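J.: Pasting a structure below so you can have a look.
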Amino acid sequence: METVKATVVELEEKNFIKIEIGDEEINIPISEDKPNEVKSAFNKLIARIKEREFEIKLEDIGQDLFSQVASEYITQLNREIQEVRGEMLGYGLVEE
Amino acid sequence: MKIDIHSHTKKCKSGDAPTREIAPDDFCEIIQSTDVGIIAITNHNVFDLDQFTEIVDIMDDNAQVWPGVELDVKEDGVRGHLIVIVSPQMANEFFESVGKITEGFTPDSFICTVEQVLKIFDDFNPLYVTHYKQKTPNLSDEALEKLIAGTANPSRVIKEVSNSISAGIYISHGYASIYGSDIHDWSTYEGQACNLPDLRLPIESFDHFCLLLEKDPTTINTILDKKVAEDLILTPFEDSTLLKLKVFNDINIVFGPKGTGKSCILMAIAKHYLDAGTDARVYESASDRLDELFDTKGRDLSLNLNSYGINYCKNEIEAIREASEVGITSLSKYEIYFRIKSTSKNAKKIKLKDIEPEEEGGAKREFLEFNDGVKKTREFIEFIQGHPSVNKELSTEEIEEVTRMLSSLLERMSNREWDGYTGWKEINLLNSAIEKFRTEIERKTGSPAKPTTTGFREYALNRVRIEANASEIIKSMDTKIKMLKESIGSLGPNKGELELRTEFKFQDGTITDGALNKLKNVNKGSQKTFAKTVREIFKHVYEDDLFQHIANLNAIDDVEKIETVYELLLFKRYFALNDQPYSPSSGEASMVMLQKELEADKEVYILDEPERSLGNEYINDVIVPLIKERARAGKKVIISTHDANIAVRTLPYSSVYRLHGPAGYTTYIGNPFSNNLVNPNDENDWLDWKKVSMKTLEGGEEAFGERGKIYGNG
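Here the protein sequences come in this chain order: A and B.
Per this note's numbering, residue 2 is the first one in the first sequence, and the count goes up by one each step.
Per this note's numbering, residue 1121 is the first one in the second sequence, and the count goes up by one each step.
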């Protein structure tokens, strides 16, 4: 299974989980509630799940609050990504 | 049934083709492969009794074989051929007589006179068939007169001509005429046989045939009495005159000049049968009703998509229309959880809340997989053990063996099913417990529990389901439905078969053909927008604007009428000839309507002037054979006609002739076999069927010219 790199980044005093898949960056805002942006990020992830199986690995995990949030979030997200991929396989919707 | 009064089985003369030779077995096989029911063996100057006997034995009752000989006769220096055919019961004596007359000759050298023929053969009461006119070498008129004058049975002298048209012409001039195969090459016989004369009445024997030639009334009536018929008493006319008719399960003709009440008789017959509960109506040509008859507007058109393996997509369409966005877990919940986690002492003590929920989708899918497998295996075992077809094909031991193996498989799969179920439920229980504990801790300690899901799963699965539904709808819309072709009928041998074509297409968002009609009451524009929007939904299913497209779908006019893909169907129905769209003329419309009427499975066919708008060629080549076919199937066919092609060429069992004379209207009833039309109210008032037909019917003389094809009357 492919491993996809993720890091916690800070841009203009806002924190994001930056997931790098291929040449695309998917940013999930974690320091404020922006559901539409999160959904947008989810849509990009779903499109990638259709293409291949992968797992997100969070790198450079610090002890700060957002690192903890990101770590937990990615753990849960990985579990759910596997579930969604399984469902997609069941519907015959994966691109393989 | 056909008759062949002139055939050869041997090469007798040096000029005979070797292909005339045929072994008895082959002869019988060929004859039985045709409609020929009576065949006379008439070799040149030879009668081979042994061969004849062998053929009769092999043929059994499958066809009548009559003994005969084709003799070389010379009169006044002119040589011609004269066929003598006798009853099969006299074959032995006939053999001796042929031997006697040909003694001292070879088949090549044999020659005799009419007088010699009469002297040797006339006591047999034979059938004389003379080569005549174009059928060479022919007997001169003088020799023929000598034969007729000398025989005890002049009605048994028949002129053999070269084909049916010639035969018909001579018949119309009062001469009994016929034609036979005079076969030269047996390999071509099957092809030739279809052109041989038909026997309209059943012929039981040689003597029976001869009696019919003599128009023996008793013989004719006996045959007609054997035919299934029904006596009708009708009051077809305004003056309440009773009309007694015998309607045969065959062809019955009503003819006469215009305005003599023929249609009234048909109406009365139809009423009689309708009152008795039989489907009967008077068919009248109405070419303008063709589109209505074949429903070209598609008013009653429908299609079962299941029979084409197409999903109606009712659930899929409903699911897409009702789909809405699924919320996700707010990120602030995570932040709050981790912010408070470090400060709440009570919450820290309870570790259960920190156990991660487990993914249960995989366990559930595995259980469902085995659950389905167990169900299907169980059904298959029941099928194996109980289905008659399996019992017929497999022995008891084989069924037991298959059942044993399947039972073993079932047991193993049941175990996996149970393991899958308990595994799934364990995870389910654990996750529920975690969720419950978290909620309770949250409530008791005032500190928020750790979120158990990012919401990605439900969010993504919602879209996965939308994609699956849109994909299924598109799959149905993109299915090509094979064009339906229905043969409507022949427009005659030169034009070909008229077809009714029905094309079905789903509006897939791209169709612009204005000739296509909607099958259901849904606006065509709405159909197109719907199809296009479903494609947009599919295309944007993992994009931010997905639900805008779903909103667009729900905003389409008539969208509530599109419950399934069936409502997206378009159709085109049209007539085609030689693979091209075709608009039949009114005459052609009449053709196909009449064919449709005759091809319907009914007991009684009542046709009022079916010839209207139709050409002679079409009547002869298509309609008359169809009428005969119905008659052969034992159906009652009652036809009012002015057309001799129908009235004469079909040789009806019953003819009703209506006449308006000085004494008012008169009805005559008869048939072509007796050649009489008799006034039922006055038996002395009778007419000649042939003369009346020729005079009254359009194309009468020509029809008689053709009628030699059917040998039932001379």
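Glycine included, C-beta positions come from ideal geometry on N, C-alpha and C.
Keep in mind the model is a prediction, meaning the values are calculated, not measured.
Taking 8 Å as the threshold, find out whether the stretch 1213-1229 of chain B comes into contact with the stretch 1248-1267 of chain B through three or more Cβ pairs.
T.: The stretch 1213-1229 of chain B and the stretch 1248-1267 of chain B do not touch, with fewer than 3 CB-CB distances between them shorter than 8 Å.
J.: Using a Cβ-Cβ distance cut-off of 9 Å, determine whether P1568/B contacts chain A.
T.: Indexing the second sequence from 1 puts residue 1568/B at position 448. Answer no: the Cβ-Cβ gap between P1568/B and chain A never drops below 9 Å.
J.: So is K6/A in contact with chain B if we call contact Cβ pairs under 9 Å?
T.: Within the first sequence, numbered from 1, the residue matching residue 6/A stands at position 5. No, because no Cβ of chain B sits closer than 9 Å to the Cβ of K6/A.
J.: Report yes if the CB atom of E1708/B is closer than 9 Å to the CB atom of L1611/B, and no otherwise.
T.: Position 588 of the second sequence holds residue 1708/B. Position 491 of the second sequence holds residue 1611/B. Yes, the pair counts as a contact, with Cβ atoms nearer than the cut-off.
J.: May I ask which residues mark the beginning and end of the alpha helix (DSSP H) holding T1222/B?
T.: Walking along the second sequence from the start, residue 1222/B turns up at place 102. That run of the alpha helix (DSSP H) goes 1211-1222.
J.: Among residues of its own chain, excluding the 5 on either side of E1174/B, which ones have a beta-carbon nearer than 8 Å to its beta-carbon?
T.: As a working mapping, residue 1174/B is identified with position 54 in the second sequence. Around E1174/B: P1144.
J.: What's the gap between the Cα of I1456/B and the Cα of P1568/B?
T.: Here residue 1456/B corresponds to residue number 336 of the second sequence, with the count starting at 1. Here residue 1568/B corresponds to residue number 448 of the second sequence, with the count starting at 1. Between I1456/B and P1568/B, the C-alpha separation is close to 7 Å.
J.: Please classify L1807/B as buried or exposed, where buried requires at least 16 other C-beta atoms within 10 Å of its C-beta.
T.: Residue 1807/B sits at position 687 when you count from the first residue of the second sequence. Buried: at least 16 other Cβ atoms inside 10 Å.
J.: Within the chosen definition, does the stretch 65-81 of chain A reach the stretch 3-23 of chain A through at least 3 CB pairs nearer than 8 Å?
T.: yes
J.: Secondary structure at V1206/B, three-state DSSP: helix, strand or coil?
T.: The sequence position of residue 1206/B within the second sequence is 86, counting from 1. In the three-state scheme derived from DSSP, where H, G and I count as helix and E and B as strand, V1206/B is classed as coil.
J.: Below 7 Å on C-beta distance, what does G91/A contact in chain B?
T.: The residue labelled residue 91/A in the question sits at position 90 within the first sequence. In chain order: R1485.
J.: If we define contact as Cβ-Cβ less than 9 Å, is A1553/B a contact residue for chain A?
T.: Locating residue 1553/B in the second sequence gives position 433, where the first residue counts as 1. No, its Cβ sits nowhere closer than 9 Å to a Cβ of chain A.
J.: Taking 9 Å as the threshold (C-beta atoms), are L1333/B and R1276/B in contact?
T.: Translated into positions along the second sequence, residue 1276/B becomes position 156. Translated into positions along the second sequence, residue 1333/B becomes position 213. Yes, they are a contact pair.
J.: Measure the C-alpha to C-alpha separation of I1125/B and F1329/B and round it to an integer number of angstroms.
T.: Residue numbering aside, residue 1125/B sits at position 5 when the second sequence is read from its first letter. Residue numbering aside, residue 1329/B sits at position 209 when the second sequence is read from its first letter. In a straight line, the C-alpha of I1125/B is about 12 Å away from that of F1329/B.
J.: Assuming W1538/B is part of the alpha helix (DSSP H), what are its boundary residues?
T.: Here residue 1538/B refers to the residue found at position 418 of the second sequence. Start and end: 1516-1565.
J.: Would you check if the distance between the CB atom of L78/A and the CB atom of T1630/B is smaller than 9 Å?
T.: Start at 1 with the first residue of the first sequence, and residue 78/A comes out as number 77. Start at 1 with the first residue of the second sequence, and residue 1630/B comes out as number 510. Not in contact: L78/A and T1630/B (Cβ atoms no closer than 9 Å).
J.: When you compare the CB positions of V1757/B and C1433/B, do they come within less than 9 Å of one another, or not?
T.: For the purposes of this step, residue 1757/B is identified with residue 637 of the second sequence, where counting begins at 1. For the purposes of this step, residue 1433/B is identified with residue 313 of the second sequence, where counting begins at 1. Contact flag unset, no.
J.: Taking just the CA atoms, how far does N1643/B sit from G1482/B?
T.: Counting from 1 along the second sequence, the entry for residue 1482/B is found at position 362. Counting from 1 along the second sequence, the entry for residue 1643/B is found at position 523. Between G1482/B and N1643/B, the C-alpha separation is close to 45 Å.
J.: Is I1448/B close to chain A, meaning its C-beta is less than 9 Å from at least one C-beta of that chain?
T.: Residue numbering aside, residue 1448/B sits at position 328 when the second sequence is read from its first letter. With 9 Å as the cut-off, I1448/B counts as an interface residue toward chain A.
J.: Give the interface partners of Y1662/B over in chain A, defined as CB-CB distance under 7 Å, in chain order.
T.: Within the second sequence, residue 1662/B is the residue found at index 542, counting from 1. Ordered by position in chain A, the residues that pass the 7 Å Cβ test against Y1662/B are N44, I47, A48.
J.: Might you give, ordered along the chain, the residues of its own chain that have their beta carbon closer than 6 Å to the beta carbon of D1492/B, omitting 5 neighbours on each side?
T.: On the second sequence, position 372 is the one that residue 1492/B refers to. Result list for D1492/B: empty, nothing under 6 Å.
J.: Can you round the beta-carbon distance between I47/A and V5/A to whole angstroms, since I take them to be within the 8 Å contact cut?
T.: Taking the first residue of the first sequence as position 1, residue 47/A is located at position 46. Taking the first residue of the first sequence as position 1, residue 5/A is located at position 4. So it is not a contact: roughly 14 Å between Cβ atoms.
J.: Helix or strand or just coil, what does DSSP make of S1610/B?
T.: Counted from its first residue, the second sequence places residue 1610/B at position 490. It is a strand residue.
J.: From Y1393/B to G1754/B, what distance separates their C-alpha atoms?
T.: If you number the second sequence from 1, residue 1393/B lands on position 273. If you number the second sequence from 1, residue 1754/B lands on position 634. Cα to Cα, Y1393/B sits roughly 16 Å from G1754/B.
J.: Since I1739/B and I1766/B should fall inside the 8 Å C-beta cutoff, what is the C-beta to C-beta distance between them, to a whole number of angstroms?
T.: What you label residue 1739/B is simply residue 619 of the second sequence in a count that begins at 1. What you label residue 1766/B is simply residue 646 of the second sequence in a count that begins at 1. Beta-carbon to beta-carbon, I1739/B and I1766/B are separated by about 6 Å, close enough to satisfy the 8 Å threshold.
J.: Three or more C-beta pairs under 8 Å: does that hold for the stretch 1745-1753 of chain B against the stretch 1717-1724 of chain B?
T.: yes
J.: Would G1074/B be called buried (16 or more neighbouring beta carbons within 10 Å of its own) or exposed?
T.: Because chain B is modelled from 1121 through 1834, residue 1074/B falls outside the range shown and cannot be assessed.
J.: Leaving out five residues before and five after F1500/B in sequence, what residues of the same chain have Cβ atoms less than 7 Å from its Cβ?
T.: Within the second sequence, residue 1500/B is the residue found at index 380, counting from 1. Excluding residues within five positions, the ones whose Cβ falls inside 7 Å are L1526.
J.: Would L1549/B count as contacting chain A if we go by Cβ distances under 9 Å?
T.: For the purposes of this step, residue 1549/B is taken as residue 429 along the second sequence, with counting starting at 1. It does not: the Cβ of L1549/B has no partner Cβ on chain A nearer than 9 Å.
J.: I'd like the list of long-range same chain contacts for N1833/B, defined as Cβ closer than 6 Å, with 5 residues on each side in sequence excluded.
T.: For the purposes of this step, residue 1833/B is taken as the residue at position 713 of the second sequence. Here the model assigns N1833/B a pLDDT of 38, short of 50, so the residue's position is not dependable and the matter cannot be decided.
J.: For R1778/B, write down the residues that DSSP places opposite it in a beta bridge.
T.: Counted from its first residue, the second sequence places residue 1778/B at position 658. Answer is T1787/B.
J.: Going by beta carbon distance, what residues of the same chain come within less than 8 Å of R1441/B, once the five residues before and after it are set aside?
T.: Position 321 of the second sequence holds residue 1441/B. Taking R1441/B as the centre and dropping the five residues before and after it, the same chain places the C-beta of I1670, L1673, N1674, V1679 closer than 8 Å to its C-beta, in chain order.
J.: When the cut-off is 9 Å and only beta carbons count, does A1588/B lie next to chain A?
T.: As a first step, residue 1588/B is located in the second sequence; it is residue number 468 there, counting from the start. Output row for A1588/B: interface = yes.
J.: Taking 6 Å as the limit between beta carbons, can you name the residues of its chain near V95/A, skipping five residues before and five after?
T.: Taking the first residue of the first sequence as 1, we reach residue 95/A at position 94. Closer than 6 Å at Cβ, skipping near neighbours: K51, M89.
J.: Assign K58/A to one of two classes, buried (16 or more other C-beta atoms within 10 Å of its C-beta) or exposed (fewer than that).
T.: For the purposes of this step, residue 58/A is taken as the residue at position 57 of the first sequence. Classification of K58/A: exposed, given that the 10 Å Cβ count is below 16.
J.: Exposed or buried, which one is G1609/B when buried takes at least 16 other CB atoms within 10 Å?
T.: Numbered from its first residue, the second sequence carries residue 1609/B at position 489. G1609/B comes out buried.
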